[in-house]
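Q:
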Amino acid sequence: STTEADPIADPNAVKAGIKAFEGLQEALTQVDRRSRYEVREWLQTRIDNRIRLVKAVEMQVKAEISFIRKVAVEEGAKKTTKAIDDLLLDRQERLKTRVKTMEEEIKGLRRGRYRDRYPGSRQRYPQDQRTRGRLPREDIREQGGFGGTGEESPAGTPERALPGVGGKNEIQISEWLKTGVENRINLANAVQEPIKADFIYIRKFAVEEGAKKTTAAIDGLLLSRQQRMERLVKKMEEQLRRMRFLEQGSRRIRGSRRSMLNPEQRRSGGWTPTEGTAGQEEVMEEENQRRP
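Sequential numbering of the sequence shown, starting at 1, is according to the UniProt record's numbering.
Structure follows, in structure tokens:
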């Protein structure tokens, strides 16, 4: 229930529980180090890595749950081990569904952008008929692309949420499909709740079976995950501030250049038909006056 105490509300108590078992802290540190692959995908802005991000997040979760399973087996916690096996299978199916849906949406988005760019292509569609996931090219440009500060929320994306074993709904697929650093920050914050719910689901079995080392391992992973994501969000916020600063600088430069043009040059994009010919006309007039 929502009134249950947060197992990592007291970080000092969590650390004390880990110290009670020799070698547990070192093992937890090794699992946490694997998260560098996930962190790298969160911070990626140069390419469209939405599918890779989903897989990287799940890869780290699987590594953490698999470690919990190893400890549970060592302690002979059979119910906990069975619950973990069910959870891993459930998360695997959820990942397949999520990736498949995202691939379909992204493919539809790219088809729509191709038709916007090449309207005379062989296959034609009515003007008001939008494919699922299609986003006009100009909208993407305004929103800053994959590494921009804005967002891309494909039209027609189903607002579906998959209930997990832990009782918390998965993040809606439309949230995974959005782009832009600001949306990534929101997603990074939101994605932790369903993951935490699944860990706490396993923890209940460990507590019931008296598997203290397994319980300590779960608490340690929850705490390290929370601290890691807090550090990640700070990096992403700094990334967003830097990008906004650069965008504002670019706008100021464009604005100052445009202010130097006369009205006719602004309308014609900085060039007028008579530009560069005025000197030639004056020379021709002088030549005509010199002739007898």
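In this text, a Cβ means the ideal position worked out from N, Cα and C, and glycines have one as well.
Have a look at Glu103 and Ile51 and give me their C-alpha separation to the nearest angstrom.
A: Cα-Cα distance, rounded: 8 Å.
Q: For Arg67, which residues from the same chain have a beta carbon less than 6 Å from its beta carbon, with the 5 sequence-adjacent residues on both sides left out?
A: In the sequence under discussion, the amino acid at residue 67 is Phe, which differs from the Arg named in the question. Excluding residues within five positions, the ones whose Cβ falls inside 6 Å are Val31.
Q: Val54 to Glu4, Cα distance in whole Å?
A: Using only the alpha carbons, I get a separation of about 29 Å.
Q: Rank Thr214, Glu247, Ala13, Arg241 by C-alpha distance to the C-alpha of Glu64 and give the top, closest one.
A: Ranking the options by Cα distance to Glu64, first place goes to Thr214.
Q: Here's a check: name, in chain order, each residue in its chain whose Cβ is nearer than 7 Å to the Cβ of Ala211, leaving out the five neighbours to either side.
A: The residues are Ala72, Glu75, Ala77, Thr80.
Q: Output the distance between the C-alpha atoms of Glu230 and Leu24, rounded to the nearest integer angstrom.
A: Their Cα atoms are separated by approximately 23 Å.
Q: Using the three-state DSSP reduction, which class does Asp198 fall into: helix, strand or coil?
A: Helix.
Q: Using the C-alpha atoms, what's the distance from Arg40 back to Lys204?
A: Going by the C-alpha atoms only, they are around 32 Å apart.
Q: I need the DSSP call for Pro11, collapsed to helix, strand or coil.
A: Pro11 falls in the helix class under three-state DSSP.
Q: In this structure, how does DSSP classify Ala20 when only helix, strand and coil are distinguished?
A: In the structure shown, Ala20 sits in coil (DSSP, three-state: anything other than H, G, I, E or B).
Q: Let's test the definition: count the other Cβ atoms within 10 Å of the Cβ of Ala9 and tell me whether it reaches 16, buried, or not, exposed.
A: With fewer than 16 Cβ atoms within 10 Å of its Cβ, Ala9 is classed as exposed.
Q: Could you say which of Thr45, Val207, Asn183 lies nearest to Ala83 if we only look at CA atoms?
A: Ranking Thr45, Val207, Asn183 by Cα distance to Ala83 puts Val207 first.
Q: Identify, in the order they occur along the chain, each residue of the same chain with its Cβ nearer than 7 Å to the Cβ of Asn189, setting aside the five sequence neighbours on each side.
A: Excluding sequence neighbours, Asn189 sits near Val233.
Q: What's the gap between the Cα of residue 323 and the Cα of Ile200?
A: Past the boundaries of the shown model lies residue 323; the chain is included only from 1 to 292, so the question cannot be answered.
Q: Might you give, ordered along the chain, the residues of its own chain that have their beta carbon closer than 7 Å to the beta carbon of Val14, omitting 5 neighbours on each side?
A: For Val14, where only same-chain residues beyond five positions count, the Cβ hits under 7 Å are Ile8, Asp219, Gly220, Leu223.
Q: Measuring only the C-alpha atoms, how far is Glu93 from Glu238?
A: Distance between the alpha carbons of Glu93 and Glu238 is about 35 Å.
Q: By the three-class DSSP mapping on this structure, what secondary structure does Leu46 have?
A: As written in the sequence, residue 46 is Arg, which differs from the Leu given in the question. Correct three-state label for Arg46: coil.
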